[in-house]
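Single-structure report; data block below.
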Amino acid sequence: MNAPSEQNATLVIAIPSKGRLQENTASFFARAGLTVTQGRGARDYRGALKELPNVEIAFLSASEIVSQLASGNVHLGVTGEDLVRENVADADARMELLTPLGFGHANVVVAVPQAWIDVRTMSDLEDVAAAFRARRGGQRMRVATKYINLTRAFFAKNGVTDYRIVESLGATEGAPAAGQAELIVDITTTGATLKANALKVLDDGVMLRSEANLVASLNAQWGEGQKSIARRILSRIAAEEDARTSREVRCTLPSKPRRTAREAETLFGARMIYGLEGDIVRLICPAGKVAEAADWLIEHGAQNVTVSALDYIFSAVNPLYEKLAARIG
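Mapping of the sequence shown onto my numbering: residues 7 to 335, in sequence order.
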């Protein structure tokens, strides 16, 4: 079958179908100047981006998004890294995590009863597992979890082998108290639920620090049309991301303004805005370096330094699209 023309090519983006994740995803696209719409309201599972043609939005559950990305039925998707790593064994061969989105934060952790006062690390856990089996006539220590593949990989990496997994179908944190398991692997945001169930996270027991990511499928059909649309979308996302983490720093330097500005570029990871006349210097500076850069500029002759927030910084170099293009060719 012939590849669709660029004019008729459709790029499919999967986003969460409900709840806070959907709201945060819509806000993420809105910050980049892209409006997510639903055809017939909240019950419609197809939508679009108002500002760009040939984009179809598929509203799916977070786990469905992962499977659709893996199979290549959607081009881009927003989902948690924990679901990607758990559900797709060869995730890095099938997908590219383009950028974290700053929401949906949660850690996948190993948690044991607080009463296990001598158990603080994974190496302690191996000792407990051996002792448990000896006391219980060969029975292995039980680990309740929904994260079976992540658990197996993490335990193997830390040399813990004497255990068996009990797949959790309900509230995992309640399994030890109910006598269904000795410890758990679960996802947590604040740790409050674990504490409420008399559990503690091992000192080296954070398996994955997860958050929502914009993920690209490497198995999807990436014709020139889809690439062109993706480039436009990722250009806006990268421009907003760069602006959000940067500030414009402006000052007047009576003596050697260009030379001093170039030195500031090196010292603070800044970028000079060229093309200005006279002794006015403008820099794009990382937000976390602004105060330090302002003090330094004043020490080098500036009388006043003004700092402004930015909406977008569009660049000829699009790091997000380059990351995608390197994988899809």
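Cβ atoms here follow ideal geometry from the backbone N, Cα and C, with glycine treated the same way.
Please read all numbers here as calculations on a predicted model, not as lab measurements.
Query                                                                                                                            : Result
Cβ-heavy atom distance, residue 277 to the ligand GDP, below 7 Å                                                                 : The ligand content of the structure shown is nil, which means the ligand GDP is not present either.
For residue 200, the three-state DSSP class (helix, strand or coil)                                                              : helix
Where residue 298 sits in the DSSP three-state scheme                                                                            : helix
Stretch pair the stretch 206 to 213 + the stretch 74 to 87: three plus CB contacts closer than 8 Å                               : no
Which of helix, strand or coil DSSP assigns to residue 93                                                                        : helix
Segment limits, alpha helix (DSSP H) that includes residue 25                                                                    : 25 to 37
Local Cβ density within 10 Å of residue 52, reported as buried at 16 or more and exposed below that                              : exposed
Proximity below 8 Å, CB of residue 107 to CB of residue 219                                                                      : yes
Closest residue to residue 101 among 22, 110, 247 and 223 (Cα-Cα distance)                                                       : 223
Cα-Cα separation between residue 262 and residue 271, rounded to whole angstroms                                                 : 14 Å
Selected residue, minimal CA-CA separation from residue 137, among 99, 97 and 168                                                : 168
Residue of 257, 182, 305 and 37 minimising C-alpha distance to residue 202                                                       : 182
Cβ-Cβ distance between residue 96 and residue 214 below 8 Å                                                                      : no
Closest Cα partner of residue 265 within the set 254, 287, 133 and 256                                                           : 287
Per-residue burial, residue 35 [other beta carbons within 10 Å of its own, 16 or more giving buried]                             : buried
DSSP beta-bridge partners of residue 314                                                                                         : 254
Sufficient close CB pairs (3 or more, under 8 Å) joining the stretch 232 to 249 to the stretch 293 to 300                        : no
When 305, 188 and 198 are compared against residue 147, the one with the closest alpha-carbon                                    : 188
Strand pairing of residue 101, partner residues [DSSP]                                                                           : 223
Distance, residue 18 Cα to residue 228 Cα                                                                                        : 11 Å
Neighbour-count burial assignment, residue 339, 16 or more Cβ in a 10 Å radius                                                   : Examination of residue 339 is not possible in this model, given that the chain is present from 7 through 335 alone.
Residue of 68, 121 and 259 minimising C-alpha distance to residue 25                                                             : 68
Buried or exposed by the 16-neighbour rule on C-beta atoms within 10 Å, applied to residue 85                                    : buried
Integer Cβ distance of residue 221 from residue 90, believed to fall under 8 Å                                                   : 7 Å
Nonlocal neighbours in the same chain, by C-beta distance under 6 Å from residue 319, ignoring five residues either side         : 245, 248 and 249
N-terminal and C-terminal residue of the beta strand (DSSP E) that residue 73 is part of                                         : Careful: residue 73 lies outside any beta strand (DSSP E), inside the alpha helix (DSSP H) at 68 to 77.
CB of residue 173 within 8 Å of CB of residue 190, strictly                                                                      : no
Beta-carbon contacts of residue 72 that lie in its chain and below 7 Å, excluding the five residues immediately before and after : 85, 89, 90, 93 and 94
Assumed close pair residue 252, residue 290 - CB separation to whole angstroms, cut-off 8 Å                                      : 5 Å
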